[in-house]
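Trainee: One structure follows; several queries about it will come next.
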Amino acid sequence: MRTSDGVPVDARHDPCTAARPPGGGGTAIVVAHGFTGSVDRPALRRAARVLARSAAVVTFSFRGHGRSGGRSTVGDREVLDVAAAVAWARELGYDRVVTVGFSMGGSVVLRHAALYEPGRGGSAQARTDAVASVSAPARWYYRGTAPMRRVHWLITRPAGRLVGRYGFRTRIHDRDWDPVPLSPVEAVPLIVPAVPLLVVHGDRDPYFPLDHPLALAEAAGGAAELWLERGMGHAENAADDALLGRIGHWLTAGPRDAWPMMEP
Numbered sequence: 033m034r035t036s037d038g039v040p041v042d043a044r045h046d047p048c049t050a051a052r053p054p055g056g057g058g059t060a061i062v063v064a065h066g067f068t069g070s071v072d073r074p075a076l077r078r079a080a081r082v083l084a085r086s087a088a089v090v091t092f093s094f095r096g097h098g099r100s101g102g103r104s105t106v107g108d109r110e111v112l113d114v115a116a117a118v119a120w121a122r123e124l125g126y127d128r129v130v131t132v133g134f135s136m137g138g139s140v141v142l143r144h145a146a147l148y149e150p151g152r153g154g155s156a157q158a159r160t161d162a163v164a165s166v167s168a169p170a171r172w173y174y175r176g177t178a179p180m181r182r183v184h185w186l187i188t189r190p191a192g193r194l195v196g197r198y199g200f201r202t203r204i205h206d207r208d209w210d211p212v213p214l215s216p217v218e219a220v221p222l223i224v225p226a227v228p229l230l231v232v233h234g235d236r237d238p239y240f241p242l243d244h245p246l247a248l249a250e251a252a253g254g255a256a257e258l259w260l261e262r263g264m265g266h267a268e269n270a271a272d273d274a275l276l277g278r279i280g281h282w283l284t285a286g287p288r289d290a291w292p293m294m295e296p
C-alpha cells in the first residue's frame with residue numbers, strides 16, 4: 033500500500049470470520065494503532081481477531097513504524113496513511129468502510145474523518161462511514177502526566193529518537209510541526225452529525241485523564257456517543273475482548289444498537 037505522498041505502508045487484510053450475507057460487499061474496519069505500535073504487535077493482532085468477528089479488518093503500520101517507510105510525524109501526515117488504508121479497503125470491494133483508532137491513532141482517525149468529508153478536498157474513495165476514537169487526546173502538546181512527559185522526551189530529544197528507533201522500531205521525524213495540524217477537539221465538529229462518532233476512554237488511563245474524552249464529547253454538541261470504561265487503562269493494550277467486540281458491533285450495526293455510557 034502506498035500513500036498519496038509516496039510512503040510505502042505495510043498493511044494486512046483479514047476477512048470477516050462471521051458468515052457474510054449474500055450479495056453486496058459488506059463492511060471493513062480500518063484499525064489505526066497507537067504510537068510505537070505496528071501491524072504485527074500482539075495487541076493489534078488480538079484487536080484484529082476480535083473485530084473480524086464483526087467485519088473484515090484492515091490493519092497497517094503507520095509511517096515510521098515497523099516495516100512501513102518514512103518517518104513518524106506523530107499524528108500529522110499519518111492522516112494520509114489512514115486515507116490510503118480506507119481507499120485500499122474500498123478497492124478490495126467493501127461497500128462500507130469504517131475506522132477505529134487507538135491513542136495517536138485515535139487522534140488521526142478523527143482528523144481523517146474531518147478532512148475527508150465530501151466538499152473538504154479529500155478523495156471520496158478515502159472517506160469513512162463511521163469512526164471510533166479510543167484513548168485519544170483532545171489537544172496537542174499535553175504534558176500533564178508522567179507517561180506523556182516521557183513520550184515528549186522520546187519525540188523531541190535526539191537521545192529519545194534513538195530510543196524510539198532502536199527500542200521501539202519507530203523512526204521519528206526531527207522537525208516540528210509547521211503548521212500545527214487541526215487538533216482532535218477541533219476536528220470533532222467537522223465530523224458530526226454527518227458521520228457517526230464514538231469516543232471511548234478508560235477511567236484509569238495513565239496518559240490522558242478524563243477531561244480529554246469529555247472535551248471531545250462536548251465539541252460534538254451531543255451528536256457523538258461517549259463510553260467511559262470503568263477500570264480501563266490506555267489504548268489497544270488495555271482494551272479487552274468484550275470492549276473490542278462492543279466497538280466492532282457499534283461500527284457495523286450503528287449507534288441504534290450501542291451500549292449505554294458508564295457514569296463518570
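Residue numbering for the sequence shown follows our numbering, beginning at 33 and increasing consecutively.
No residue lacks a Cβ here, since even glycine has one placed at the ideal position from N, Cα and C.
If you're wondering where the values come from, they're calculated on a predicted model, not measured in any experiment.
Which residue's Cα is closest to the Cα of Ala84: Thr59, Trp259, Ser36, Pro216?
Mentor: Thr59
Trainee: So Trp209 is in the alpha helix (DSSP H); what residue range does that whole segment cover?
Mentor: Neither: Trp209 is in no alpha helix (DSSP H) and is coded neither H nor E.
Trainee: Could you work out which residue in Thr91, Arg95, Met136 is closest to Val118 when comparing CA atoms only?
Mentor: Thr91
Trainee: DSSP three-state label for Pro245, please.
Mentor: Three-state result, Pro245: helix.
Trainee: Residues in the same chain with beta-carbon distance under 6 Å from Val231, minus the five sequence neighbours each way, listed in chain order, please.
Mentor: Ser165, Pro245, Leu248, Ala249, Ala256, Leu258
Trainee: So, at 6 Å on beta carbons, what are the nonlocal neighbours of Arg34 in its own chain, with the 5 sequence-adjacent residues on each side left out?
Mentor: When the five nearest sequence neighbours on each side are left out, the beta carbons in the same chain lying within less than 6 Å of the beta carbon of Arg34 are those of Pro40, in order along the chain.
Trainee: Exposed or buried, which one is Pro54 when buried takes at least 16 other CB atoms within 10 Å?
Mentor: Note that Pro54 scores a pLDDT of 48, beneath 50, so its modelled location is shaky and nothing firm can be said.
Trainee: Got a sec? Which residues, its chain only, sit under 8 Å from Tyr174 by beta carbon, not counting five neighbours each side?
Mentor: Met180, Phe240, His244
Trainee: Using a threshold of 8 Å, state whether the C-beta atoms of Arg171 and Ser104 are closer than that.
Mentor: no
Trainee: In the DSSP output, what is His97 paired with across the bridge?
Mentor: In the DSSP assignment, the residues bridged to His97 are Thr202.
Trainee: Which residues bound the alpha helix (DSSP H) around Asp273?
Mentor: 273-285
Trainee: With which residues is Ser165 paired in a DSSP beta bridge?
Mentor: Gly133, Val231
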